[in-house]
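Numbering (full-length UniProt numbering), first residue to last: 1 to 535.
Here a beta-carbon is modelled for each residue, glycine too, at the ideal position from N, C-alpha and C.
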């Protein structure tokens, strides 16, 4: 396609998710990658709850779950003792209260297969040579697999091309930060490991860090550890014997039976000063890199793609003003900065080695372990369910404990009629916005309000907003129009959405709340007028 609406540079997880999102929303895309095939030895493996929710919307979560290894618990160990165990099973407002470990190249292949089924070709061994802005887009010069050149003009270009991003370099965007002094080793291995398969461990002692992460397959694990340093201060080339010796950092008796290829690498913490320059954007590692503490990076990049994808699609379709794209920088740059800081603090704490502050660290970890609310908060943060865009320009309002910018909870609804529990997210629109009205009890004015809103949406934003009514009261279902779906919550699992009274939530396609507040039609329409283009 010589003139795609969006050119995606980079076919790692971020670029593939963006391609799947845009293709699903009807956008003409082209995706290129400099590599001939997915790289089999990659750093990332953990997929968190929020990412699995995004993959569910794309239609690929079931394939990931079928192949991946479920992990329920992340344990931090120091000086050969368990200090803190974060159990993700406490997360009760998501369909995925756990992590899924799966090698990154398999996640990529599942996404590639999905794109292929939907007619999207992947242009491999193709590199970006140059960029030239035009009045209505950007012209990209590509080097093709045969060594020739090709010119492609796109309305928008997104750099998903990793930490050494060619797009970022061509745009002259600074990548501020620093490199850590410790080199790392990574390999996949067969290990006789005594801990449960649903638990990953991240251990440290005076010699360094050692992570053991379950992978799909019998006794398969990913091992990641700070490289051994010899008496002269030089890194020791990794071998099976070296990996086995370094395993002593865990204090857990285990035997490494075999290893795949070793990979050594250095870690950095960096963030691009901006994620956008005109019609060009950065997403994933092109915009941010950090330590692997908590398995955040791959998930962060996929969330970038989801955030940018629906906005680009809405602007291209004429359903939203171009100014909507400004919110990508405002929302995702702040989240990226938070994750870079959080993972840095976590890794630094685990790498204190002989620093006397390690005793304070152990006291803090032990205190967190003793506090169920603290462990729940950590599970929420590590799962990325807690990422919020509160305070940014495109979101507003508050109702009860929910603010504009928060992720919409995803409780299980039991309607008392079909006897089939359903998740709230599955009952909302996937492409347009959803206006979710909530009614805790019958209300004489409800019918008038719903009918008025239904008429306004159809007249002013046809196809851009769908209406839903959530209530625990069966009587309310009798008052709504037949074409307005009623979500009956007889089990009151979604009480958080209506325990402060009747409310309205405008839910964006990425399942974040745009507006939270009164169901007063004028306020809802005022908000929609700022984020959507009227018919």
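Pair within 9 Å by beta-carbon distance, residue i and residue j
i, j, result
"residue 438", "residue 515", "no"
"residue 538", "residue 433", "With the chain running from 1 to 535 in the structure shown, residue 538 is simply not present."
"residue 296", "residue 382", "yes"
"residue 291", "residue 83", "no"
"residue 155", "residue 128", "no"
"residue 409", "residue 135", "no"
"residue 310", "residue 508", "yes"
"residue 75", "residue 202", "yes"
"residue 421", "residue 473", "no"
"residue 188", "residue 219", "no"
"residue 494", "residue 517", "no"
"residue 351", "residue 229", "no"
"residue 96", "residue 61", "yes"
"residue 157", "residue 363", "no"
"residue 12", "residue 162", "yes"
"residue 198", "residue 183", "no"
"residue 180", "residue 269", "yes"
"residue 79", "residue 204", "yes"
"residue 488", "residue 415", "yes"
"residue 286", "residue 26", "no"
"residue 91", "residue 379", "yes"
"residue 138", "residue 23", "no"
"residue 160", "residue 284", "yes"
"residue 216", "residue 227", "no"
Given residue i as reference, the closest of the options once Cα atoms are compared
i, options, result
"residue 314", "464, 267, 106", "464"
"residue 299", "53, 142, 489", "53"
"residue 530", "320, 335, 405", "320"
"residue 5", "31, 393, 55", "31"
"residue 361", "109, 353, 349, 370", "349"
"residue 457", "114, 3, 526, 407", "526"
"residue 288", "279, 278, 294, 274", "274"
"residue 512", "407, 430, 215", "407"
"residue 341", "120, 177, 185", "177"
"residue 50", "302, 397, 524", "302"
"residue 133", "305, 443, 125, 152", "152"
"residue 277", "520, 172, 317, 29", "172"
"residue 394", "401, 329, 454, 254", "329"
"residue 206", "174, 251, 239, 243", "251"
"residue 241", "255, 234, 496", "255"
Classification of residue i by the beta-carbon crowding that lies within 10 angstroms, buried from 16 upward
i, result
"residue 64", "buried"
"residue 77", "buried"
"residue 331", "buried"
"residue 534", "exposed"
"residue 307", "buried"
"residue 388", "buried"
"residue 541", "No statement about residue 541 is possible, as the shown extent of the chain runs from 1 to 535 and does not include it."
"residue 89", "exposed"
"residue 483", "exposed"
"residue 40", "exposed"
"residue 428", "buried"
"residue 345", "exposed"
"residue 445", "exposed"
"residue 140", "buried"
"residue 257", "exposed"
"residue 232", "exposed"
"residue 522", "exposed"
"residue 21", "buried"
Residue span of the beta strand (DSSP E) that contains residue i, given as start and end
i, result
"residue 154", "149-154"
"residue 433", "433-438"
"residue 86", "81-87"
"residue 190", "175-192"
"residue 71", "69-71"
"residue 129", "127-133"
"residue 468", "465-471"
Start and end residues, alpha helix (DSSP H) containing residue i
i, result
"residue 258", "Element bounds for residue 258: not the alpha helix (DSSP H) but the beta strand (DSSP E), 255-259."
"residue 509", "Where residue 509 is concerned, there is no enclosing alpha helix (DSSP H), given that its DSSP letter is neither H nor E."
"residue 266", "Unbroken run through residue 266 is the beta strand (DSSP E), 263-272; no alpha helix (DSSP H)."
"residue 336", "326-350"
"residue 449", "446-460"
"residue 30", "Residue 30 -> not in any alpha helix (DSSP H); beta strand (DSSP E) instead, spanning 29-32."
"residue 9", "Where residue 9 is concerned, there is no enclosing alpha helix (DSSP H), although the beta strand (DSSP E) it sits in stretches over 6-9."
"residue 315", "297-316"
beta-carbon residue i near the ligand ATP non-hydrogen atom, thresh 8 Å
i, result
"residue 193", "Questions concerning the ligand ATP fall outside what the structure shown contains, since it holds no ligand whatsoever."
Chain B within 9 Å of residue i, Cβ atoms only
i, result
"residue 286", "Judged by its chain identifiers, the structure shown contains no chain B, having just a single protein chain."
Exercise for review: State whether the segment 94-109 contacts the segment 65-73, with contact taken as three or more CB pairs (one from each stretch) at a distance under 8 Å.
Suggested key: yes
Practice item. Would you check if there are 3 or more beta carbon pairs closer than 8 Å linking the segment 319-326 to the segment 20-37? Key: no
Review point. Do the segment 205-224 and the segment 179-196 make contact, defined as three or more Cβ pairs closer than 8 Å?
Key: yes
Review point. Would the segment 246-265 and the segment 4-22 be scored as touching if the rule is three or more Cβ pairs under 8 Å?
Key: No, the segment 246-265 is not in contact with the segment 4-22.
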